[in-house]
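J.:
Protein chains: 2
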Amino acid sequence: MATIADVARAAGLSSATVSRVINNHQYVSEEKKQLVYQAMEALNYFPNASAQKLRSKKTNTIGVMIPQLTNPFFTYLLEGIDRIATEHDYQLLVCQTKNNRFKELHFLNYLKAKQVDGIILTSIENDWATIADYHTYGPIVLCNEYTYQMLVPMVRLDQQEGAYIGTRHLIEKGHRAIGYCFGGNTSQLTIDRHAGYRRALNQFGIPYKKDWIFRDAYDLEDGKRVFRNTLEMDNPPTAFFTGSDQVAAGIVKEAISHGFSVPGDISVIGFDDQPIASVLEPTLTTIKQPAEEIGSNAMNLMIKCLENHIDPSEMDIQLPLQLIVRQST
Amino acid sequence: MATIADVARAAGLSSATVSRVINNHQYVSEEKKQLVYQAMEALNYFPNASAQKLRSKKTNTIGVMIPQLTNPFFTYLLEGIDRIATEHDYQLLVCQTKNNRFKELHFLNYLKAKQVDGIILTSIENDWATIADYHTYGPIVLCNEYTYQMLVPMVRLDQQEGAYIGTRHLIEKGHRAIGYCFGGNTSQLTIDRHAGYRRALNQFGIPYKKDWIFRDAYDLEDGKRVFRNTLEMDNPPTAFFTGSDQVAAGIVKEAISHGFSVPGDISVIGFDDQPIASVLEPTLTTIKQPAEEIGSNAMNLMIKCLENHIDPSEMDIQLPLQLIVRQST
DNA sequence: ATGAAAGCGCTAACAG
DNA sequence: CTGTTAGCGCTTTCAT
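Sequence lines, in order, name chains A and B. Mapping to the working numbering: the first sequence position 143 is 143, numbers consecutive. Counting from 1 along the second sequence, just add 1000 to a position and that's the residue number in the working numbering.
(1) Which residues bound the alpha helix (DSSP H) around ILE1062(B)?
(2) State the beta-bridge partners of GLN1154(B) as determined by DSSP.
(3) Quick one: is SER278(A) near chain B, going by C-beta distance under 9 Å?
(4) Can you give the beta carbon distance from LEU284(A) to GLY270(A), rounded, assuming they're within the 8 Å contact cut?
(5) Along the region 1064-1081 of chain B, what residues have a CB closer than 8 Å to any CB found in chain A?
(6) Thinking C-beta only, is GLN1068(B) closer than 9 Å to LEU93(A)?
(7) Out of LEU35(A), ILE317(A), SER267(A) and ALA291(A), which has the shortest C-alpha to C-alpha gap to HIS169(A)?
(8) Output the distance between the C-alpha atoms of LEU121(A) and LEU105(A), rounded to the nearest integer angstrom.
(9) I'd like to know whether the C-beta atoms of LEU1151(B) and MET1315(B) end up nearer to each other than 9 Å.
(10) Between the region 1090-1113 of chain B and chain A, which residues of the former have CB atoms less than 7 Å from a CB of the latter, in chain order?
(11) Near GLU1172(B), what residues of its chain come up, given a Cβ to Cβ distance below 6 Å and the 5 sequence neighbours on each side ignored?
(12) Looking at GLU104(A) and the ligand GTP, is the gap between the Cβ and the nearest heavy atom below 8 Å?
(13) What's the call for GLY259(A), buried or exposed, on a 16-neighbour Cβ count within 10 Å?
(14) Start and end of the beta strand (DSSP E) containing SER296(A)?
(15) Taking 9 Å as the CB-CB limit, is TYR1137(B) close to chain A?
(16) Based on Cα-Cα distance, which residue from ARG1193(B), GLY1295(B) and TYR1180(B) lies nearest to LYS1209(B)?
(17) Please report the straight-line C-alpha distance between LYS1224(B) and PRO153(A), rounded to a whole angstrom.
(18) For LEU1306(B) and ALA49(A), I'd like the C-alpha separation in whole angstroms.
(19) Tell me whether PHE1214(B) is buried or exposed, calling it buried when 16 or more other Cβ atoms sit within 10 Å of its Cβ.
(20) Give me the chain A residues within the contact set of GLU1030(B), using Cβ-Cβ distance strictly less than 8 Å, ordered along the chain.
(21) Starting from the beta carbon of ALA49(A), find every residue of chain B whose beta carbon is closer than 7 Å, and list them in chain order.
(22) Roughly how many angstroms lie between the CA atoms of ALA200(A) and SER1244(B), to the nearest whole one?
(23) Enumerate in chain order the residues of its own chain whose CB-to-CB distance from ILE1294(B) is below 7 Å, with the five nearest sequence positions on each side excluded.
(24) Using CA coordinates, which residue listed in PRO312(A), ARG326(A), LEU301(A) and SER296(A) is at the minimum distance from ILE84(A)?
(25) In chain B, which residues lie with their C-beta within 9 Å of the C-beta of ALA132(A)?
(26) Under DSSP, the alpha helix (DSSP H) around LEU74(A) begins and ends at which residues?
(27) Find the residues of chain B that neighbour PRO153(A), judging by a C-beta separation of less than 8 Å, and give them in chain order.
(28) With a threshold of 16 other CB atoms inside 10 Å of the CB of ASP1089(B), please say whether the residue is buried or exposed.
(29) Count the other CB atoms within 10 Å of the CB of PRO237(A); is the residue buried (16 or more) or exposed (fewer)?
(30) What does a CB cutoff of less than 6 Å around ALA1008(B) pick up in its chain, not counting 5 residues either side in sequence?
(31) Within a Cβ cutoff of 7 Å, which residues of the same chain sit near SER1261(B), ignoring the five residues on either side of it in sequence?
(32) Could you check what DSSP says for ALA1113(B) in three-state terms: helix, strand or coil?
(33) Quick one: what's got a C-beta closer than 8 Å to THR97(A)'s C-beta in the same chain, skipping five residues either side?
(34) Using the Cα positions of ARG20(A) and LYS1057(B), report the straight-line distance between them to the nearest angstrom.
(35) Using beta carbons (cut-off 9 Å, strictly below), is PRO1290(B) in contact with chain A?
(36) By how many angstroms is the C-alpha of MET302(A) removed from the C-alpha of LEU189(A)?
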C-alpha cells in the first residue's frame, strides 16, 4: 500500500504538500494540487486512518452505547444519531451494553484510549459519579436517559409527565387497579416515571400497591410473563401502564390468548409509539417519544461540544412527548 | 494523558517491557509485571488505540454494512455479529448504506485506509466486479446476500427454495393470482427468489403476469401502497408472496382496513419471521430466516479469515430456512 | 528477561 | 506557496 511519501515522490513534491491537499488546506496552487491528485490516483493511494488519528489527535468517531440492538426504540435513536453523524463525516462505533455495567465501563475506556472523540449514552448502568470521571477525556452526551446530578449535555423528555398522563388516562377510563411495569435499573428516568405514576394515583385518591409493580419488563416475552403472573392474584390489575410498547404488546397478546377482551376487560398503555403499536390488534394507546429526533439532537449536541462552541443554555434539550389514544384503552 | 514512556519511567523500566506487559507477552518476570501494573494504575494509563493500530497494523475493528438500521431483520443480523465480535474483542463500525451504492463504495474504502480489518456486507449495492477489487485490502464476508461469481466467504440461505416453498404454499391453498413483492436491487438473492416464485408457478401451470410483480417494497408503508395499487386492477392478486414480514404486515393491515378478510379473501405470506409476524392479527405465515445465526456465522467466518486458517470448504455456509404456517394463509 | 533504537504514516510548526 | 523537520505513542527486532 502506497504511503504519503510515495505520492510525494511520484508528484515530485514534498509530503507536506500532499498532506495539505488531503486536508484541503488553503495556499496550495491549483497546478500542484492536480499533480497530487494524479499521483494519488495512479498509486491508488488512501491515507492511513490510524496515522491521521495519532497525529491529529482526532478520530472522527463517536461511541454510541446502546443496551439492546434488537429493541426498535434504540434503533430509531441510532437512526437519528447516524443521520447527523453522516452529514458531518463522523463514524459510529456501536457498543451494545446489554444493560451490563461492566460492559459500559469497558466501553467508556475507549475515551481514555482516544479511540473515540466522544460518547453518547442512551442508557446509564453505572452510578453517575463513576461515569462523571470520564468526562475529563471527552464529551459525554446523554440521550433518552439523564441525570440531575450535573449539568451535562443531554436530550430528554419529561418522563414524569409521560407516566402521569398515561396513568391519568387509564384512571379516566374508569380503572382503579393499575399495574405498573418497568425495566430493572434505578436511573433518573425510572425514578421519574414511577413518580408520575404515583402522582396520578394520589391525585385521584387511589392507593399505591406494591403487588401491582412489575420490574424487569423489557420485551414482549416479559409482558406475557407479567400478565400470566396477575392471573393468580386475588385482586389483579384491570389496566397496565408499561414502559415500552414491546411489554404492552406482550400483555395484550397474553390477555387475549387467555380469553380476556382488550380494552373490554383489560386496558393497556404502551410507551414509545414503535411501529408495533399501530400493527397490534387492538391498536395500542401509547406515549409517543420522538426517538429519531432525540437521536439527531443528541448527535448535534455532540458536534457542538467537540467544536467547543456550546452555550450552557443549550446543554439540556427537552423534547415534547404525546399521548396517542388508540384502541387498547 | 500518560504515555507508555511515563509508565516506563515510573516503573523504572523500559517502554519495551511495558509494551510486553500490555500485550501479555511471555518472558516478563512476575516482579516487573507487578511494577508495571502499579505504575499504570498510579498514572491512570491507557494505551493509545491509534498508536497501537498504526504500529501493529491491526485495528481489531470490523466494518458492518447495513442497508437499514430500523429494519429488524438487519438488527438481528447485527445482534449475531455483535455477539461473536464481543467474545473475540472485536469492535464494530456500523455503516448504514441506505441502499446507496455510493455510500457502499465510500465505506469499502475504510479497508484501504486500514481503518477496519475486514468488512461484512449484509447487502450488495454495487456490481460484484467493483466490490471484488477491495478484496485485496482485507477480507470481505457476505452475509444474507451472496454471489456466484466468485468463491468468497459467505453465509446464506437457499433463497430460491424459500420463495418456491412460499409460493407453492399459496397455490396449495387454492390461489392462482399471486402477487410478488420485492426490494429494488438486482442482487443474486433477488434473482433467486424471483426464480423460485416462477418455478412454483410453472410447476402448477400458472401463467406469470408482470402486473403482479411489485418492486421497491421494503417496509410496512410500502406494503400498504402495494395493496392499494391492486384495488384498481381488473384482475387483482388474491394472494401475496413478499420479501419481508414488514411488507406482508402492511398488505394485511391495508386489506383489512378496506374491508377484506385475511385469509378469507386475501392470503399473505411474509419472509424472515420477525417478531411482528407473531404479533400481527391474523398471525403471519412466513419463511423463517435464522437472522441471529446468520450473523454469528458470518462473524465467525470473518475471524477465521483474519487468522488465516480457513479451509475453502468452509467458505460457503448454507443455513436452513423454514416455512412457518400461521393464520394469514 | 530486558533495553536501545528504529520506524509505522501522517501533520504541523517553522523557515524561507 | 512549498519544503524541512520533528514528533504523535506505540511495537518489535536486535542485542545483551
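Glycine residues also receive a C-beta, built at the ideal position from the N, C-alpha and C atoms.
T.: Reading it off the structure:
(1) Run containing ILE1062(B): none in the alpha helix (DSSP H); it sits in the beta strand (DSSP E), 1061-1066.
(2) The sequence as given places Met at residue 1154(B); Gln does not occur at that position. DSSP lists LEU1142(B) and ASP1316(B) as partners of MET1154(B).
(3) At least one chain B Cβ lies under 9 Å of SER278(A).
(4) Going by Cβ atoms, the distance from LEU284(A) to GLY270(A) rounds to 5 Å, so yes, they are a contact pair.
(5) Those residues of the region 1064-1081 of chain B placed with their C-beta closer than 8 Å to a C-beta in chain A are LEU1069, THR1070, PRO1072, THR1075, TYR1076, LEU1078 and GLU1079, ordered along the chain.
(6) no
(7) Restricting attention to LEU35(A), ILE317(A), SER267(A) and ALA291(A), the CA atom closest to the CA of HIS169(A) is found in SER267(A).
(8) 12 Å
(9) Yes; because the gap between Cβ atoms is below 9 Å, this pair is in contact.
(10) Against chain A - using a Cβ distance shorter than 7 Å - the residues of the region 1090-1113 of chain B are GLN1091, LEU1092, LEU1093, VAL1094, GLN1096, ASN1109, LYS1112 and ALA1113.
(11) none
(12) The ligand GTP is not part of this structure, which contains no ligands at all.
(13) exposed
(14) Here SER296(A) belongs to no beta strand (DSSP E); instead the alpha helix (DSSP H) covers 291-306.
(15) yes
(16) TYR1180(B)
(17) Rounded to the nearest whole angstrom, the C-alpha separation of LYS1224(B) and PRO153(A) is 40 Å.
(18) 19 Å
(19) It counts as buried.
(20) Going along chain A, no residue has its Cβ under 8 Å from GLU1030(B), so there is no contact; the nearest lies around 25 Å.
(21) ALA1113, LYS1114 and GLN1115
(22) Cα-Cα distance, rounded: 42 Å.
(23) LEU1077, GLY1080, CYS1143, ASN1144, VAL1155 and LEU1319
(24) SER296(A)
(25) Residues of chain B passing the Cβ test: none, with the nearest at roughly 15 Å.
(26) The displayed chain sequence assigns Phe, not Leu, to residue 74(A). Looking at the DSSP string, the run of the alpha helix (DSSP H) that includes PHE74(A) is 72-87.
(27) Residues of chain B passing the Cβ test: none, with the nearest at roughly 22 Å.
(28) exposed
(29) By the 10 Å Cβ count, PRO237(A) comes out buried.
(30) SER1014, SER1015 and VAL1018
(31) none
(32) The answer is coil: DSSP assigns ALA1113(B) none of H, G, I, E or B.
(33) Excluding sequence neighbours, THR97(A) sits near MET65, ILE66, PRO67, LYS103, GLU104, PHE107, SER123 and GLU125.
(34) 24 Å
(35) no
(36) 21 Å
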